[in-house]
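Just below is one structure, and these are the notes that go with it.
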Amino acid sequence: MVDVLAIGAHPDDCEISMAGTIVVLKRQGYTVGVCDLTAGEAGTYGSADIRRQELQNATEILQLDARVTLDLPDGNIRNTEENRLKVIEVIRQQRPRIVFAFYPQMPRHPDHYYAGLVVKECVFLAGLEKLKTDSAPFRPKNLIYFKELLIRDQPDFIVDVTDVWEQKVAAIRAYKSQVTQEDEDDTDTKTFIRSNAFWDVMEARSRTAGAMIGVRYGEPFYCDHPAKIQDVPAAFER
Numbered sequence: 001m002v003d004v005l006a007i008g009a010h011p012d013d014c015e016i017s018m019a020g021t022i023v024v025l026k027r028q029g030y031t032v033g034v035c036d037l038t039a040g041e042a043g044t045y046g047s048a049d050i051r052r053q054e055l056q057n058a059t060e061i062l063q064l065d066a067r068v069t070l071d072l073p074d075g076n077i078r079n080t081e082e083n084r085l086k087v088i089e090v091i092r093q094q095r096p097r098i099v100f101a102f103y104p105q106m107p108r109h110p111d112h113y114y115a116g117l118v119v120k121e122c123v124f125l126a127g128l129e130k131l132k133t134d135s136a137p138f139r140p141k142n143l144i145y146f147k148e149l150l151i152r153d154q155p156d157f158i159v160d161v162t163d164v165w166e167q168k169v170a171a172i173r174a175y176k177s178q179v180t181q182e183d184e185d186d187t188d189t190k191t192f193i194r195s196n197a198f199w200d201v202m203e204a205r206s207r208t209a210g211a212m213i214g215v216r217y218g219e220p221f222y223c224d225h226p227a228k229i230q231d232v233p234a235a236f237e238r
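Per the UniProt record's numbering, the sequence shown starts with residue 1, numbered consecutively.
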């Protein structure tokens with residue numbers, strides 16, 4: 001069981017979107033898990049076996065308390081009863097207070113949209129007594145969203161990840177088949193994520209989010225409902 005569960009479509013999604021926040025949460029004493037809905041087997045680069053090893057390396061860097069990889073088809077995630085039951089069972093097993101997931105609007109990658117849609121429904125459905133899986137019903141208290149790389153709107157809150165930036169980068173670089181390493185030639189790359197431009201965009205996103213709260217690097221998040229603040233000065237300190 002974990003305090004916080006982040007759910008992505010592919011291995012590396014949660015690292016790219018919120019690895020810094022994961023490290024911050026771990027430093028604050030919370031338990032954190034990640035669930036990948038697919039093994040990433042349909043990616044242009046790397047096999048399922050290679051990605052499995054890369055995932056393990058990233059897991060160790062982030063010191064995760066749990067990591068679950070489901071068998072939904074990479075490139076063809078859909079909001080089906082079968083897929084919902086699998087995600088519901090993970091939520092019930094891990095019993096997180098908070099779930100992080102993709103914002104369920106059509107972004108660049110359809111898998112990200114459907115992952116967000118499935119998770120949003122499952123956070124509610126996991127609490128239904130008469131919906132049976134192997135584990136007891138449980139409903140997380142909060143669902144928080146992350147989006148793809150570009151910031152097109154105003155985040156609901158931003159986490160300062162300046163002090164853990166290098167650990168975030170290391171966790172992403174653990175996926176060697178998917179992203180370029182430092183000073184690597186990307187001339188023949190076939191995907192955006194495996195280009196040096198990806199790093200420029202990822203850092204620009206983090207810098208933009210950080211600038212919004214007066215820090216060097218930030219990770220932006222979105223909510224359906226207002227967040228409860230108990231320490232007002234601390235929340236608005238710059």
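Ideal placement from N, C-alpha and C gives every residue a C-beta, glycine not left out.
Check	Outcome
C-alpha distance - SER206 paired with GLU219, whole-angstrom precision	6 Å
Cβ-based neighbour list, PRO180, same chain, cut-off 8 Å, excluding 5 preceding and 5 following	The sequence shown places Thr at residue 180, not Pro. Excluding positions up to five away in sequence, the list reads ASP186, THR189, ARG194, SER195, ASN196, PHE198 and TRP199.
C-beta contact flag for ASN83 and VAL118 at 7 Å	yes
Between the CA atoms of GLY116 and ALA58 - distance to the nearest angstrom	22 Å
Beta bridge counterpart(s) of residue 324 as assigned by DSSP	The displayed coordinates of the chain run from 1 to 238. Any statement about residue 324 would go beyond what the structure contains.
Whole-angstrom distance between HIS225 and ALA136, CA atom to CA atom	26 Å
Three-state secondary structure assigned by DSSP to GLU148	coil
Residue(s) in a DSSP beta bridge with LEU72	LEU72 is not bridged to any residue.
CB of VAL2 within 7 Å of CB of THR31, strictly	yes
Alpha-carbon spacing of ASN142 relative to SER47, whole angstroms	34 Å
Check whether TYR114 and ASN79 have beta carbons under 7 Å apart	yes
Beta strand (DSSP E) runs contained entirely in the stretch 37 to 107, provided each spans 3 or more residues	66 to 69 and 98 to 102
Per-residue burial, GLN167 [other beta carbons within 10 Å of its own, 16 or more giving buried]	buried
ASP163: first and last residue of the uninterrupted alpha helix (DSSP H) it sits in	First-last for ASP163: undefined, no H or E at that position.
Beta-carbon separation (whole angstroms), GLU15 vs ILE172, contact threshold 8 Å	5 Å
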